[in-house]
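K.L.:
Please read through the structure below; I'll follow up with questions.
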Amino acid sequence: MPRKITMQITANEALSAEVRRITLTGDITAQPGQFVQVAVTAAHDPYLNRPFSVHDWRDGELTLLYRLVGRGTAILAARQPGESVTVVGPLGRGFPMGREHSAIIVAGGIGAAPLLFLLRRLQAAGKETAFLYGAQTAAALVLREQFQALATTYAESTDDGSRGRQGQVTELLQEVLLKQKADIYACGPEPMLRAVAKLAAAYQCRCYLSLEARLACGVGACLGCVVPARDGSYLRVCVDGPVFAAEEVFAP
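Heads up: the sequence shown runs through residues 4 to 255, numbered per the working numbering.
Here you go:
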């Protein structure tokens, strides 16, 4: 059940010109793929809490990645270690551990945010992991060294060729799928997720996708984050997801 928790900021650092990492301590637990909502000020201005994927969690220490995209994240970036914030969570449905011995994780840009926690859990479960990381530029491959150190194998691509292969990360995925069957996990822009789902279906692999959406209430009440399901119904990203089996949301 989600709870409202007061947490203390222990670090709030820049990883690039656009991406920051904040570390909070308090009485909270989480599973890979879940998210939390953060009140960036105590004055409820901005009024709505801001949703963030759980980047990592260890024994009450919660780490979030966030991109500077507006007033709310600008306020959060100015918060200092020692200050407190109110966090609601954990929220949503996370990633399952899958059945195959091997797992492929596909990250697109800031979509890498929930995938470190997942990678650590898969490694701890004895899975062989391939981490495929794509972004527009080398600067957007934040924390690449950490992912590379944890994964069994690692490959990267950039749109402009500034690091790794020039092209789409799904090209790397297809090469891996030619060699092995694996459970696939992905988070990133919707076109990337659709391409991942199509490849997973073609190679008959289970595939789990973390969808991005505008989340307001976080508990399924406002219906602001609904996405169409393949069966004609609608799914709420905040409570039915954000992680979905690919066949729930995308046609092969």
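C-beta atoms are modelled at their ideal positions from N, C-alpha and C, and glycine is treated no differently.
Please read these numbers as outputs of a predicted model, since none were measured by experiment.
#1: Ignoring anything shorter than 4 residues or poking outside the stretch 114–202, list the alpha helix (DSSP H) runs there in chain order.
#2: Going by alpha carbons, who is nearest to Glu193 out of Leu125, Ser213, Thr13, Arg102?
#3: Given this structure, state the Cα-to-Cα distance separating Ala46 from Tyr206, to the nearest angstrom.
#4: Going by other Cβ atoms of all chains shown within 10 Å of its Cβ, with 16 needed for buried, is His136 buried or exposed?
#5: Quick one: using the 10 Å Cβ neighbour count with 16 as the cut-off for buried, is Leu226 buried or exposed?
#6: Compute the Euclidean distance between the alpha carbons of Thr28 and Gln11, then round it to the nearest angstrom.
#7: Taking the alpha-carbon positions, what's the Gly92 to Glu16 distance?
#8: Flag this pair as yes or no: are the beta carbons of Leu18 and Val145 separated by less than 8 Å?
#9: Using the Cα positions of Ala14 and Ile78, report the straight-line distance between them to the nearest angstrom.
#10: For a test of the three-state rule: what should DSSP assign to Gly112, helix, strand or coil?
#11: Leaving out five residues before and five after Thr26 in sequence, what residues of the same chain have Cβ atoms less than 6 Å from its Cβ?
#12: Going by the C-beta, is Cys228 closer than 7 Å to any heavy atom of the ligand FAD?
#13: Label Pro84 either buried or exposed according to how many other C-beta atoms from any shown protein chain fall within 10 Å of its C-beta, with 16 as the threshold for buried.
#14: Where does Gly92 fall in DSSP's three states?
#15: Output yes or no for whether 8 Å exceeds the beta carbon distance between Ala154 and Ala128.
#16: Would you kindly report the start and end of the unbroken beta strand (DSSP E) that includes Ala42?
#17: How about Arg147 and Glu159: do their beta carbons lie closer than 8 Å?
#18: Take the Cβ of Pro245 as the centre, count every other Cβ of all protein chains shown within 10 Å, and call the residue buried at 16 or more, exposed below.
#19: Let me know if Met100 comes out buried or exposed under the rule of 16 or more other beta-carbons within 10 Å of its beta-carbon.
#20: Could you give the residue range of the alpha helix (DSSP H) that holds Thr76?
#21: Could you compute how far the alpha carbon of Val90 sits from the alpha carbon of Gly164?
#22: For Val111 and Ala138, what's the separation of their Cα atoms in angstroms?
#23: Find out if the Cβ-Cβ distance for the pair Gly230, Val252 is shorter than 8 Å.
#24: Which residue marks the beginning of the beta strand (DSSP E) containing Val246, and which one marks its end?
#25: Whole angstroms is fine: what's the gap from Thr161's alpha carbon to Gly170's?
#26: What separation, rounded to the nearest whole angstrom, lies between the Cα atoms of Leu125 and Pro54?
P.N.:
Quick look at the numbers:
#1: Listed in chain order, the complete alpha helix (DSSP H) runs (minimum 4 residues) inside the stretch 114–202 are 118–127, 147–153, 172–180.
#2: Ser213
#3: 51 Å
#4: The identity of residue 136 in the sequence shown is Tyr, whereas the question assumes His. Its Cβ being crowded by 16 or more others within 10 Å, Tyr136 is buried.
#5: When all chains shown are included, Leu226 counts as exposed.
#6: 5 Å
#7: Taking the Cα positions, Gly92 is about 22 Å away from Glu16.
#8: Taking 8 Å as the cut-off, the Cβ atoms of Leu18 and Val145 count as close.
#9: 15 Å
#10: Helix.
#11: Result list for Thr26: Thr13, Ala14, Thr66, in chain order.
#12: No copy of the ligand FAD occurs in the structure displayed, which carries no ligand at all.
#13: exposed
#14: strand
#15: Going by C-beta atoms, Ala154 is not nearer than 8 Å to Ala128.
#16: 38–42
#17: yes
#18: buried
#19: Counting Cβ neighbours within 10 Å, Met100 comes out exposed, since fewer than 16 surround it.
#20: 74–81
#21: Approximately 39 Å, taken between the alpha carbons.
#22: First, the residue type needs correcting, since residue 111 is Gly and not Val in the sequence shown. Computed Cα separation, rounded: 6 Å.
#23: Per the sequence shown, the amino acid found at residue 230 is Val instead of Gly. Going by C-beta atoms, Val230 is nearer than 8 Å to Val252.
#24: 246–248
#25: 6 Å
#26: The alpha-carbon of Leu125 is positioned some 24 Å away from that of Pro54.
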